[in-house]
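Accompanying notes for the structure given below.
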Amino acid sequence: MSKFNFEEETTREGTFSIQYEGTEPLFGRTGLAPFWIADMDIKTPQAITEAMKRRLDNGIFGYTIWKNSKFYGPVKQWWNSRYNVDLTDDMITYAPSVLYTVSEAIRLNSEKGDGVILNMPTYNAFLKVLKGNDRKVVPAPLIEESDEYSFDFEHFETLCSEPENKVFVHCNPHNPTGRVWTREELQKMKDICLANGVFFVSDEIHMDFVRPKEEFVSMVELMEEDDPIIVTTGLGKTFNLASLPHSYFITKNDALKAKIVREFDHRYNVGTANSLVLSAIEAAYMECGEWVDELNEHLEGNFDYISDYIDTHLSAYLSFKKPASTYLAWISFEQCGIPDDVMHKALVDIGGIAVSPGHIYDVAENGRFRMNVASSRQRIEMGMERIHKTIDGLKKDGKI
Ligand SMILES: Cc1ncc(COP(=O)(O)O)c(C=O)c1O
1 MSKFNFEEET TREGTFSIQY EGTEPLFGRT GLAPFWIADM DIKTPQAITE
51 AMKRRLDNGI FGYTIWKNSK FYGPVKQWWN SRYNVDLTDD MITYAPSVLY
101 TVSEAIRLNS EKGDGVILNM PTYNAFLKVL KGNDRKVVPA PLIEESDEYS
151 FDFEHFETLC SEPENKVFVH CNPHNPTGRV WTREELQKMK DICLANGVFF
201 VSDEIHMDFV RPKEEFVSMV ELMEEDDPII VTTGLGKTFN LASLPHSYFI
251 TKNDALKAKI VREFDHRYNV GTANSLVLSA IEAAYMECGE WVDELNEHLE
301 GNFDYISDYI DTHLSAYLSF KKPASTYLAW ISFEQCGIPD DVMHKALVDI
351 GGIAVSPGHI YDVAENGRFR MNVASSRQRI EMGMERIHKT IDGLKKDGKI
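In terms of UniProt numbering, the sequence shown is residues 1 to 400.
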């Protein structure tokens, strides 16, 4: 018997949500049914909103210290209870956002023009950050076979051995494919990076979304004293808090930690915590484990629904493999044999749906789109009907 209601109808009216009101730049128009940017049409657990309300009632939101037991304690508790990982205070550092840390780790470990290795497909903001920091994107394509993705270690080793490639930004679990990496794979990646002097950044923001039968292994478990490795994560995805900027990173490399903290504190003067976020973190990590478990079961049901829908109605045109993690369905339309832009235009014009075009996660076309499934079942049904309508329209127009 479910304790939480993930079927509740939600609204973002009047909230200036990018998901609903910000579709123009990528999709050319507004008024679409949105299933794209990675935030949820599911409310943050009540325990968190209540904790933030209590904090709001105090009425004073002055500069706030994050180095306190109400931050460290909940973070340690979460990692211990969920992942059996024992952290110590000195391994954990609060930071303004995950991408902020990724960006700083890149800047501190490479020079302009140096190469940064990214798996392809990749989380699109990594491409943006590399461009913004004048670093070269070095693609390390994942091997894809029947919608299953694996790591090409041979190619990765060659890339790491090239002296101009200084950093590897890894995504675990992987956005957009949802791949969860095994301990053995992580160890191999680490060994190759360390042997070649390549700095390892592990973005683990999707860590809490592993399917009920999957196991998440963090790079933290493989870290040894002074390893050139940083893990960055936060609560933005898990508890739908993306507009409350925050994150934290974990490292056993004190010199690196000191350098990053110096950047926050002295270069940008952003070394204080968001007071509402501190209350949210405490409530989330101390009280909301059961909510996350039930959310994962709800997402599992949504993925099953999509899988069945495609098998029943659209298997000649689409293929989809349920991911081991995330709330993102990475759907292939390769069987349609049409260019990416034709499919994406049809999804917007015929289906009236905003799903993320696959090519924004890549340096080439990939015949895929990414659908955000963190919604009520009813919304997912509506989304699948719109995708169905798109395929019917393309058939009618003789395009497929
Ligand atoms: C892999 C990954 N990292 C980071 C982020 C964003 O994190 P932040 O807003 O803290 O920079 C996202 C959001 O979609 C993501 O998917």
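Ideal Cβ placement from N, Cα and C applies to all residues, glycine included.
Just so we're clear, the structure is a prediction, and the values are computed from it rather than from any experiment.
Rounded C-alpha distance that separates residue i from residue j
i	j	result
Asn269	Glu263	8 Å
Gly398	Thr312	22 Å
Lys257	Thr93	8 Å
Glu162	Thr10	50 Å
Met384	Phe320	13 Å
Met286	Thr182	27 Å
Ile143	Ser103	26 Å
Cys193	Pro25	37 Å
Leu295	Pro45	10 Å
Gly132	Ser202	20 Å
Asp340	Arg12	30 Å
Ser275	His170	30 Å
Asn68	Ala273	11 Å
Val292	Ser81	13 Å
Lys190	Pro34	38 Å
Gly59	Ala283	19 Å
Ile230	Lys396	51 Å
Ser146	Cys336	15 Å
Ser17	Thr122	24 Å
Segment limits, beta strand (DSSP E) that includes residue i
i	result
Asp203	199 to 203
Glu145	143 to 145
Phe249	247 to 250
N- and C-terminal bounds of the alpha helix (DSSP H) containing residue i
i	result
Thr101	98 to 109
Ala374	Where Ala374 is concerned, there is no enclosing alpha helix (DSSP H), given that its DSSP letter is neither H nor E.
Cys160	153 to 161
Thr49	46 to 58
Phe303	289 to 309
Val180	No alpha helix (DSSP H) holds Val180; DSSP gives it neither H nor E.
Ile260	254 to 262
Nearest candidate by alpha-carbon position, reference residue i, set the options
i	options	result
Ala354	Tyr317, Gly14, Leu222, Gln19	Gln19
Thr49	Met219, Asp227, Asp254, Cys288	Cys288
Phe333	Glu365, Val129, Ile360	Glu365
Asp41	Leu299, Asp86, Ala324, Cys336	Leu299
Trp78	His266, Ala273, Ile281	Ile281
Ala324	His344, Phe303, Met343, Val342	Phe303
Thr238	Leu222, Gly73, Phe209, Val217	Phe209
Ser218	Phe6, Val85, Arg55	Val85
Stretch pair the region 234 to 251 + the region 22 to 30: three plus CB contacts closer than 8 Å: No, the region 234 to 251 is not in contact with the region 22 to 30.
Does the region 317 to 334 come into contact with the region 101 to 117, if we say contact requires no fewer than three beta-carbon pairs (one atom in each stretch) closer than 8 Å? No, because fewer than three Cβ pairs between the region 317 to 334 and the region 101 to 117 fall closer than 8 Å, the two stretches do not touch.
Could you check whether the region 320 to 331 touches the region 358 to 373, counting it as contact only if at least three pairs of C-beta atoms, one from each stretch, sit closer than 8 Å? Output reads yes: the region 358 to 373 touches the region 320 to 331.
Assess, as a yes-or-no matter, whether the region 302 to 311 is touched by the region 53 to 73 under the definition of 3 or more beta carbon pairs within less than 8 Å. Verdict: no, contact absent.
Using 8 Å as the threshold, is the region 207 to 221 in touch with the region 166 to 180, meaning 3 or more CB pairs across them? Touching, per the Cβ criterion.
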